[in-house]
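Take a look at the structure set out below.
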Amino acid sequence: MKITLSEAVQSLKEGKVVGVPTETVYGLAASLYHPNAIEQIFKLKGRPKENPLIIHVQDVDIIRLFATFWPPDMESLSRFFWPGPLTIVLPVHSQTIPSIVRAGLDTAGFRIPNHPLTLELMKEVGPLVMPSANLSGRPSATKVIHVEEDFGLDFPILDGGHCKNGIESTILYFKENRWQILRLGSLPAEEFEKILGYRPQVLEVRKEEKPLCPGQLFRHYAPKAKLILGECEGSISTILGFEEKDYPKGKKVYYLGSLYHPESVAENLYAVLRQLDNEGVKQVAVDDDFPREGLWLTIAERLKKACYSKNSQDLEG
Ligand code: TXA
Ligand code: MG
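FYI, in our numbering the residues of the sequence shown are 1007 to 1323.
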C-alpha cells in the first residue's frame, strides 16, 4: 500500500515499520529509537538475530556521535561516496546503539543513502535502521511490487520508483591497517583506488571464525528456481542471458541486460530472479560468460549465491 512522505514520517515516529526506497534496493525501515519496531523487522523478514542491521543517516556528523574510532581516509571516503551505495562498519559506543541493531557486536554499519525521499524522511525522523525489504533468503526488492510480494498488499511503502542501482551497498571495514570489503556491492572495488591509493580486497568469510559480516554466512538472493551457472549449450531450454547474444538452445530466454552495461544488469537482476519464480520456472541455465572486473564481480557473486540449492548446508537468512 503506497503511503505519502508525511504518512511515512508519522508511522516511523509512532514506532511502525515502513518500506522505504533507496538508490540500491528498498529497505524495511524503523526508527533507531523504537526497539519494538526493530524487533518487528526481524520477525517480518524471518531474519536471524545474529545478522545486524545497517543504520542509515542523512549526515556524516551523526555518525561521529556513535563511532569510537575514525579510521584514516574516513573523511575522504565519506565526502566522495556519500550520499551513495557505501556502508562503513565502525567500532561504536555500545550504549548509544541498541544491541539488537548490532547483533551484539561492538561495531555498527552506517550509510547515507542517495535517495531524495529517504534523505527528507531522515531529516524528520532521525536515523533509520533498514535491511533490504525482502523475506530472508529471497532476492532483494527493487520495486514497490516486490515489497508487496513479500509483505502483502497492505504493507505501507513509500514509493520512490525503481531503485536505479539495483544491488545493495558495498560494505567496507578498516582492519589490520587497511580498508577491506566485507560485502561486494554496487560500488566496484576499483572506485576506491583513487581515494585510498590501493584496491581494498574482499575479506574471505571463514566459518570457523567469529564472522565480521554475519550476513555473508546466510543463504541469500535465492529464487525458487534452480539456477545453473554456464551450460547454456546443454539440455536446459530456459536461459538467463544477455541482449547481444543468441542462444540457439534457448526456448525461453530471460534477459539480464547488456554485456556492455553492467549497470543495466545490476538494475534488472533481482527483478528477473523474481520473475522466474512468478512464472514458475523450475530450472534455468545462466550465461556466466561475462567479464570479471568492476561491477561484474558483484553480479557474479550474487548469481553464485542465487545458485545455492535449497538443500545446501548454509543457514537460511
Ligand atoms: O544497500 C543496502 O545496503 C541496503 C539498503 C536498504 O540500504 N541494505 C541492506 O541491508 O542490504 P541488509 O540487512 O540486507 O544487509 C546488511 C549487511 C548484512 O550482511 C549484515 O551482516 C551487514 O550488513 N552488517 C550490518 N552491520 C554490520 C556490522 N556491524 N558488522 C559487519 N557487518 C554488518
Ligand atoms: Mg539483505
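Quick reminder that beta carbons are idealized off the backbone N, C-alpha and C, glycines included.
At a Cβ-Cβ threshold of 8 angstroms, V1023 and A1014 do not count as neighbours. Remark: fewer than three beta-carbon pairs, one from each stretch, lie closer than 8 angstroms, so the segment 1132-1149 and the segment 1189-1199 are not flagged as touching. Chain order is used for the residues whose beta-carbon lies nearer than 6 angstroms to a heavy atom of ligand 2, namely P1137, S1138, S1146.
Counting C-beta atoms within 10 angstroms of its own C-beta, G1286 has fewer than 16 neighbours from the protein chains shown and is therefore classed as exposed.
Short of 8 angstroms from the beta carbon of Q1101, and not among the five residues preceding or following it, lies no beta carbon of its own chain. Counting only runs that start and end inside the segment 1250-1280, the beta strand (DSSP E) elements of at least 3 residues fall at 1258-1263.
By the criterion of at least three beta-carbon pairs nearer than 8 angstroms, the segment 1166-1175 is in contact with the segment 1115-1132.
Only residues of its own chain outside the window of five on either side were considered, and among them L1209, L1218 have a CB closer than 8 angstroms to the CB of K1181, listed in chain order. With a 10 Å radius around the Cβ and a threshold of 16 neighbouring Cβ atoms, N1057 comes out buried. Excluding the 5 residues flanking it on each side, P1041 has same chain C-beta neighbours closer than 8 angstroms at P1104, I1106, in chain order. Taking each of T1176, Y1204, I1177 in turn and checking the Cα distance to N1183, the smallest one comes out for Y1204. DSSP links Y1179 through a beta bridge to V1095, Q1186. Counting other Cβ atoms within 10 Å of its Cβ, E1174 reaches 16 or more and is therefore classed as buried. Under DSSP, S1017 forms no beta bridge with any residue. Cα atoms of F1086 and Y1032: separation of roughly 23 angstroms, rounded to the nearest angstrom.
Around V1150, the same chain offers K1008, I1163, D1165 as residues with beta carbons nearer than 7 angstroms, after the five sequence neighbours per side are excluded. Shortest Cα-Cα distance from I1305 to any of V1066, A1073, S1270, V1098 involves S1270. Scanning its chain for C-beta atoms nearer than 8 angstroms, with the 5 sequence neighbours on each side dropped, one finds no residue around E1020.
In this structure, G1115 and I1068 do not form a Cβ contact; the two beta carbons are roughly 14 angstroms apart against a cut-off of 8 angstroms. Out of E1273, D1293, T1028, the CA that lies nearest to the CA of E1126 is found in T1028. In this structure, L1018 sits away from V1153, with a CB-CB distance that is not shorter than 8 angstroms.
Here R1298 is exposed, its C-beta having fewer than 16 other C-beta atoms within 10 Å. Of the heavy atoms belonging to ligand 1, none sits nearer than 7 angstroms to the Cβ of I1305.
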